[in-house]
Amino acid sequence: MIDRSSGPKPDRWVTLGSWPTPVEPAPRLAEAIGLASGALWMKRDDLGGLGGGGNKVRKLERTVGVALANGADTLVTTGAPQSNHARLTAAAGARSGLRVVLVFPGEPGRSGSGNLALDGLFGARVHWAGDVDRGQLATVAADVVDELRRDGASPELIPFGGSNAVGAYGYVEAGRELLDQVPDVDVVVVALGSGATMAGLVASLGADRVIGVDVGALDEPAEVVTALAGQVGGTSVSADQLRIRYDQVGAGYAQLTPASAEALRLTARSEGIVLDPIYTGRAMAGLIAAVRDGDIASDAKTVFVHTGGLPGLFGHPDTVRWAESALGQYRPGRAGTDS
Ligand SMILES: Cc1ncc(COP(=O)(O)O)c(C=O)c1O
Numbered sequence: 007m008i009d010r011s012s013g014p015k016p017d018r019w020v021t022l023g024s025w026p027t028p029v030e031p032a033p034r035l036a037e038a039i040g041l042a043s044g045a046l047w048m049k050r051d052d053l054g055g056l057g058g059g060g061n062k063v064r065k066l067e068r069t070v071g072v073a074l075a076n077g078a079d080t081l082v083t084t085g086a087p088q089s090n091h092a093r094l095t096a097a098a099g100a101r102s103g104l105r106v107v108l109v110f111p112g113e114p115g116r117s118g119s120g121n122l123a124l125d126g127l128f129g130a131r132v133h134w135a136g137d138v139d140r141g142q143l144a145t146v147a148a149d150v151v152d153e154l155r156r157d158g159a160s161p162e163l164i165p166f167g168g169s170n171a172v173g174a175y176g177y178v179e180a181g182r183e184l185l186d187q188v189p190d191v192d193v194v195v196v197a198l199g200s201g202a203t204m205a206g207l208v209a210s211l212g213a214d215r216v217i218g219v220d221v222g223a224l225d226e227p228a229e230v231v232t233a234l235a236g237q238v239g240g241t242s243v244s245a246d247q248l249r250i251r252y253d254q255v256g257a258g259y260a261q262l263t264p265a266s267a268e269a270l271r272l273t274a275r276s277e278g279i280v281l282d283p284i285y286t287g288r289a290m291a292g293l294i295a296a297v298r299d300g301d302i303a304s305d306a307k308t309v310f311v312h313t314g315g316l317p318g319l320f321g322h323p324d325t326v327r328w329a330e331s332a333l334g335q336y337r338p339g340r341a342g343t344d345s
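According to our numbering, numbering within the sequence shown proceeds without interruption in unit steps and concludes at 345.
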């Protein structure tokens, strides 16, 4: 049974996903990265049901629930054009009968793949904001909200990445759900983007059990997670209590790093599970690095939270090229060998 007892109570709950998501063993991957074979598990939040799945579904159940309670007819949000959060906001709007406006930096026509293609399929409309930074993008989104109001609509602004306290409660619940499934979990590893996913898990599992792998989306990730965890957790957590790894950011948020590529390859070839280059690939690379440097003991019961992002892989040309180049060639007489 899902526990929806925490956080603000919207008049209307919106159920967008299928819960609880499964927790699956990953013994072949565990052995490949130096963990005991029974030590690694995956919480499959990529299988959350709506719109291709991912961690944003849990946040949107709450933020869209609040929007509906406020009488909204239109959702407005921001992100990069390949944002998983934007795609799932578009899907949540479709499921809830709300219009969706996505405010993206850049110009139209630069990509027709991955999340952007799905945004179109879900019926979202895009406002291209041109050459703007994060702060300017937020201002453009606020202008779009004002414009919609003047036009007689009732818009609700969903924050960047779905990361406010309302959204973070979705991951307070996810942490409780995980404790029901794996009561003796020692370590939980998750990607840290806009912060609410890690914050919710810290609030329900404790700061010492959660490792967040920073992907480089925020200037001050520890401050954001500390603030959100404090808002949803009831007790305060200080930034130095958080276990955040900063070693996977690489040359920048949108790059396929060698460690992320290796994590994608290992996970796909040992478990048949796909990670994305930006978030879950970096998070798995952080998990692997943590095992190597002893931050995770080889017998520690470790849960990797698979937060989705598969469509993003198809919107990332370097990753598609790299994955295709890894195709082995069949040669007669070479059965049992790699090449
Ligand atoms: C696939 C995926 N995983 C993880 C994250 C990080 O979650 P959060 O933004 O709550 O830190 C995101 C955020 O965009 C995401 O799209």
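All residues carry an ideal CB built from backbone N, CA and C; glycine is no exception.
Asked	Found
So is Y177 buried or exposed if we call it buried at 16+ other beta carbons inside 10 Å?	buried
From R271 to G103, what distance separates their C-alpha atoms?	39 Å
Once you ignore the five residues that flank R101 on each side, which residues in its own chain have a CB closer than 7 Å to its CB?	L22 and L56
Rank A295, A306, I284 and P31 by C-alpha distance to the C-alpha of V326 and give the top, closest one.	I284
Applying the 10 Å Cβ sphere with the 16-neighbour rule, what's the burial state of G85?	buried
Between which two residues does the beta strand (DSSP E) harbouring I217 extend?	V216 to D220
Pick out the complete beta strand (DSSP E) segments inside the segment 255-322, 3 residues or longer, and give them in chain order.	308-312
How about V138 and P111: are their beta carbons less than 8 Å apart?	yes
Pick from A38, V20, T27 and P28: whose alpha carbon is nearest that of A274?	A38
Leaving out five residues on either side along the sequence, give the residues of the same chain with a beta carbon under 8 Å from the beta carbon of T313.	D51, D52, G60, N61, V196, A197, T203, Y285, T286 and A289
On a CA-only basis, which of Q88, N121, P189 and D125 is nearest G99? Give me that one, please.	D125
Nearest to E67 by CA position, among A332, N170, E153 and V216, is which residue?	N170
What are the residues that DSSP puts in a beta bridge with W47?	P31 and V309
From A341 to A265, what does the alpha carbon distance come to, in whole angstroms?	29 Å
Report buried or exposed for P323, applying the criterion of at least 16 other Cβ atoms within 10 angstroms of its Cβ.	exposed
Can you name the start and end residues of the alpha helix (DSSP H) that E229 belongs to?	P227 to G239
With 16 as the cutoff for other CB atoms within 10 Å, does Y175 come out buried or exposed?	buried
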